[in-house]
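Input: a single structure, listed below in structure tokens.
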Amino acid sequence: MYKVTVPQQCGCFRRAGKEALSVYDDKDVALMEATEMVNEMNESFCNKHTFNVVEDGENFVILMGSGR
Numbered sequence: 000m001y002k003v004t005v006p007q008q009c010g011c012f013r014r015a016g017k018e019a020l021s022v023y024d025d026k027d028v029a030l031m032e033a034t035e036m037v038n039e040m041n042e043s044f045c046n047k048h049t050f051n052v053v054e055d056g057e058n059f060v061i062l063m064g065s066g067r
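Taking numbering that gives the first Met the number 0, the leading residue of the sequence shown gets 0, the next gets one more, and so forth.
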């Protein structure tokens, strides 16, 4: 099982109704979903923060950084 987690959720994330934890059977699918989520968040959220994906063993963690 491969997890995509978002440990820090900003207000835009919570208002968008995103899931902070998703579980997948396939690593490639998990990475693809995490990447798509990060791209969407970087494009449609308020730009107060930036987001990127970091691989951590069998997990993909979406980290939040400071704005652009």
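Built from N, CA and C at the ideal position, the CB exists for glycine as well.
If you're wondering where the values come from, they're calculated on a predicted model, not measured in any experiment.
Q: State buried or exposed for Ala119, treating a residue as buried only when at least 16 other CB atoms are found within 10 Å of its CB.
A: This structure does not reach residue 119, given that the chain is present from 0 up to 67, and the question cannot be answered.
Q | Nearest-angstrom beta carbon gap, Gly66 and Asn41 [assumed within contact, 8 angstroms] | A | Position 42 of the sequence shown, counted from the first residue, corresponds to residue 41. Position 67 of the sequence shown, counted from the first residue, corresponds to residue 66. With 8 angstroms as the limit, Asn41 and Gly66 do not qualify as a contact, their Cβ atoms being about 11 angstroms apart.
Q | Lys17 to Ser43 span [Cα, whole Å] | A | Stepping through the sequence shown from its first residue, residue 17 is reached at position 18. Stepping through the sequence shown from its first residue, residue 43 is reached at position 44. Answer to the nearest angstrom: the Cα atoms are 13 angstroms apart.
Q. By DSSP, does Lys2 sit in helix, in strand, or in coil?
A. The count along the sequence shown starts at 1 and reaches residue 2 at position 3. Note: Lys2 maps to strand in three-state DSSP.
Q: Use the C-beta contact count for Val22: other C-beta atoms within 10 angstroms, 16 or more gives buried, fewer gives exposed.
A: Numbered from its first residue, the sequence shown carries residue 22 at position 23. With fewer than 16 other Cβ atoms within 10 Å, it is exposed.
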